[in-house]
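Counting in our numbering, the final residue of the sequence shown is number 229, and the numbers go up one at a time with none missing. Even glycine gets a Cβ: it sits at the ideal position worked out from N, Cα and C. A quick write-up on the structure given underneath.
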Amino acid sequence: MFRKDVPITMKSSASSLCNNLSVYVLSEKRQLNYAVVHKSLVNVACATTDGTSVTGRQIVCKEPSVTQGLPFVMQAKWIILPSRSLLVLTTQRGIQIFEPDGSAMIYWHS
Numbered sequence: 120m121f122r123k124d125v126p127i128t129m130k131s132s133a134s135s136l137c138n139n140l141s142v143y144v145l146s147e148k149r150q151l152n153y154a155v156v157h158k159s160l161v162n163v164a165c166a167t168t169d170g171t172s173v174t175g176r177q178i179v180c181k182e183p184s185v186t187q188g189l190p191f192v193m194q195a196k197w198i199i200l201p202s203r204s205l206l207v208l209t210t211q212r213g214i215q216i217f218e219p220d221g222s223a224m225i226y227w228h229s
């Protein structure tokens with residue numbers, strides 16, 4: 120059933136792309152994570168299930184090569200594996216894999 124709740128704001132806008140919302144639920148921490156893509160940024164909002172605490176962060180999709188500009192992010196999704204969870208970004212030039220909170224890049228391939 121629908122229930123109106125406290126709005127959650129992002130640090131910037133979201134691009135008009137198909138499937139441009141990814142949700143990652145941490146039930147043991149009572150936390151909801153939302154991610155949307157805008158150009159070369161991924162906006163992540165972390166909120167408690169009751170909506171009292173909301174934090175946001177932006178993940179800039181960079182590539183090791185400084186000669187090229189920032190790649191356009193096509194999609195961001197959390198992937199849940201048996202041993203861990205990952206945040207996967209797909210770009211025009213490849214993929215980037217981060218820790219679930221986006222704090223560190225684990226893998227990059229183009």
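Notebook entry, point to check: On the three-state DSSP scale, how would you describe Phe217?
Noted result: strand
Notebook entry, point to check: With distances taken from CA atoms, which of Cys165, Leu136 and Val156 is nearest Ser146?
Noted result: Cys165
Next item on the list: Would you check if the distance between the CB atom of Ser120 and the CB atom of Asn162 is smaller than 8 angstroms?
Entry: The identity of residue 120 in the sequence shown is Met, whereas the question assumes Ser. Result no, Cβ atoms of Met120 and Asn162 do not sit closer than 8 angstroms.
Check: Taking C-alpha atoms, which residue in Leu136, Cys180 and Asp169 lies nearest to Tyr226?
Finding: Cys180
Next item on the list: Given a cut-off of 8 angstroms, decide if Pro219 and Leu200 are closer than it, judged by their beta-carbon atoms.
Entry: no
Notebook entry, point to check: How big is the Cα-Cα spacing for Val155 and Ser202?
Noted result: 25 angstroms
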